[in-house]
Structures are given as structure tokens and as C-alpha cells.
Amino acid sequence: MKYIMLIDSGTTNSRIKLVEQYSTKVKDSVKVEAGVRNTAINGTNEELKKAVKQGMEKLLKDNNIQKQDINYILASGMITSNLGLHEVPHQEAPADAEKLAAAMERCSLEEMLFIPCYFIPGLKSIKELKGRKEVLDVMRGEETEAIGLMEVMQLSGNGTLMLPGSHTKWIRANGQGELLWSSTSLSGELLKAVQSRTVLSDSLPETLITKLDEHALWKGFSAAERMGVNRALFQIRLQHLSGETEENERANFLAGVIFHSDITALKEMHQQNDGWVLVGGSFPLKDAAASLIKRALPKVEVIEASSDEVEQGALRGPLLIAENKEELST
Numbered sequence: 168m169k170y171i172m173l174i175d176s177g178t179t180n181s182r183i184k185l186v187e188q189y190s191t192k193v194k195d196s197v198k199v200e201a202g203v204r205n206t207a208i209n210g211t212n213e214e215l216k217k218a219v220k221q222g223m224e225k226l227l228k229d230n231n232i233q234k235q236d237i238n239y240i241l242a243s244g245m246i247t248s249n250l251g252l253h254e255v256p257h258q259e260a261p262a263d264a265e266k267l268a269a270a271m272e273r274c275s276l277e278e279m280l281f282i283p284c285y286f287i288p289g290l291k292s293i294k295e296l297k298g299r300k301e302v303l304d305v306m307r308g309e310e311t312e313a314i315g316l317m318e319v320m321q322l323s324g325n326g327t328l329m330l331p332g333s334h335t336k337w338i339r340a341n342g343q344g345e346l347l348w349s350s351t352s353l354s355g356e357l358l359k360a361v362q363s364r365t366v367l368s369d370s371l372p373e374t375l376i377t378k379l380d381e382h383a384l385w386k387g388f389s390a391a392e393r394m395g396v397n398r399a400l401f402q403i404r405l406q407h408l409s410g411e412t413e414e415n416e417r418a419n420f421l422a423g424v425i426f427h428s429d430i431t432a433l434k435e436m437h438q439q440n441d442g443w444v445l446v447g448g449s450f451p452l453k454d455a456a457a458s459l460i461k462r463a464l465p466k467v468e469v470i471e472a473s474s475d476e477v478e479q480g481a482l483r484g485p486l487l488i489a490e491n492k493e494e495l496s497t
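Counting in the working numbering, the sequence shown runs from 168 upward without gaps.
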């Protein structure tokens, strides 16, 4: 049996999957608590190197296989940035799986047990302005996830993907499998920052939303619409002092306030662009975003990917890109 490994590194964590090469079945996976934030804080990527190596060694040991049984590694996400393990320049959008495959870079690193690794580049959205190029947006990892998710969902025609997370991404796609441009907000980080670093910490649970409350969610969205985000946020404190709400209600209200800007941006996008809106990511942000979009834009076809479909997309994306690399597809 031959295997490949998939590594996806984010800001905080990295996930490593052991995949049977020809069946593409995930045999095992491990999450290590290290990402590019460690590099940014420490000024060195040694902690990330160590974590990735230990994660790979654990998968080999737990499954009683040798490193020689791994044909190659596919790495995506922030691991390909200047804070990761091997920097690969962003490719300019529009791009599809074939373009990303052509730009992959191969190298063998000690922290990856010298197994050949193909690093998948991120994408950047560019605008020509007075003879020079201006970078409008960048992403690493979401492009791979988007390509996989679109195939899993069997989508056709033009549309927009929303991938909420620490950095929420809007990605415009066409019916030919191309990613045309992206846009980013800090919704997830703002949620966490408000919960943990403001006077509202006392009014909100550490885990934020535990159960979707669409009434409280829309109430927060509407408050931001009426009075602006800053004043709407302070309503959470007032709700707590009144003693008439529970923590989970206030957490949903907070999500509605924070997502207001994202949904407003989507409204503006759909004045010029049509088609479906696919919401990916994980609970609770995925569920909250989908609920708000359905209510705020009732004429838009909203497709909410299930947790299983999101997981399948994350698996399928790098594999689909690899299939477009001749040396890996044979």
C-alpha cells in the first residue's frame, strides 16, 4: 500500500492527513497546535518545523508504516507563506486547478523527513491602476478548499463562495472551475477579540455560540443596520445587565452584529454579479452566515455545505490539483 500526506497549515493549527494514494481514503489524521502565528511571535519557524515533523512521525508510528511508504506530500495554506516552511509566490487570479498545479514547487525538507513535498501556491487578486498592479486581496489555503468544495457540490454556472473563519473569504467563481477574485474580512478574529478583550467578555461565553438562535442572530444584524456596529455591540452589555437574556442568545446577537458588514458586502456584490452563494466553513460561523444570507437576500440561491461536504472538499481540493500535475497523475 502506498500513501500520500496532505498538510494544511493555518494561523494557529496544522492538520496532517494520511491518505491511501489510489483509493483516496483518509486512513488517519492528526492536528498539531502550531501555525504561522508561532513564527510571527517567535521570529523563527522552528516551532512549526518541530510540530509538523512530530505530527508526521506520529501518523507513521500509529499506522505502522515507514516513510518510504509515502510517495509524496501535498502542502497548502499558510505553510507556503514567508512565515511557513517554504514560500511559494501567489498566483494571479483568475486561476483553476491546472494553473495552481503548474505553479506548485517541489522540495524535500528535513522537517518533512525528506519526503518529496509539493507546495500549492495561494492566489492574489490584482487590479491594473495607472500602469501598475495593485494587490486587492490574497489567500492561502482557501483557494484549494474552494476548488475541492465546488467539485464535491457539483456546482455549475457563476457563483460566490463564502468561507467564514478567522479570516472570512468571499471567492467569486465561474462555471469553468476558475476562481476569479477574492475578498477578505476579519469577522472571526473580531468575534474572538470582542469576546476576550473587551468589557463584553463578562457578558459572553468563552465558546461563543453553542446553539444557533436565529431570532437573536437577526436581532444583532438589525441592530447593526439601525445604529451601526459600535453601538450595537454595547447592546450586549445592556442585555446582560437587564437579566433577560442568556449567554447563548448574546453570543448569537454578537455574531449577527459582526456579520452585518459581510452580508452588506454580499448585497453589493450581487448588484453586479448573480448566481448561487455557497457557504462553507464549520459550525457555528457557517450556520450563522447561511441563516443571515437567506433572510437578508431572499432572492439569492443559498447553498449550505454540510460538515461532511466541507471535509470532503478539504480532501478533494489538493488531490484535484495534484491530478493536473503530469508527474503526479501517472
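A virtual CB, placed ideally from N, CA and C, is assigned to each residue, including glycine.
Just so you know, these numbers come straight off a predicted model, no measurement behind them.
- Using a Cβ distance threshold of 8 Å, residue 326 and residue 443 count as a contacting pair.
- 436 is the residue among 213, 436, 211 whose C-alpha sits nearest the C-alpha of residue 348.
- Put simply, the backbone Cα of residue 372 is about 18 Å away from that of residue 426.
- DSSP, reduced to helix, strand and coil, places residue 359 within a helical segment of the structure shown.
- Residue 387 and residue 422 do touch by the CB rule: their CB atoms are close to 7 Å apart, below 8 Å.
- Residue 257 sits buried, since 16 or more C-beta atoms from the chains shown fall within 10 Å of its C-beta.
- Residue 354 sits away from residue 263, with the two beta carbons spaced by 8 Å or more.
- Residue pairing from DSSP places residue 186 in a beta bridge opposite 171, 193.
- The secondary-structure analysis by DSSP pairs residue 272 across a beta bridge with 286.
- Judged by DSSP in its simplified three-state form, residue 434 adopts helix.
- Rounded to the nearest whole angstrom, the C-alpha separation of residue 457 and residue 470 is 8 Å.
- Just so you know, the alpha carbons of residue 238 and residue 189 end up roughly 11 Å apart.
- Apart from the 5 residues on each side of it in sequence, residue 220 sits with its Cβ closer than 6 Å to the Cβ of 278 in its chain, given in chain order.
- Residue range 381-394 is occupied by the alpha helix (DSSP H) that includes residue 391.
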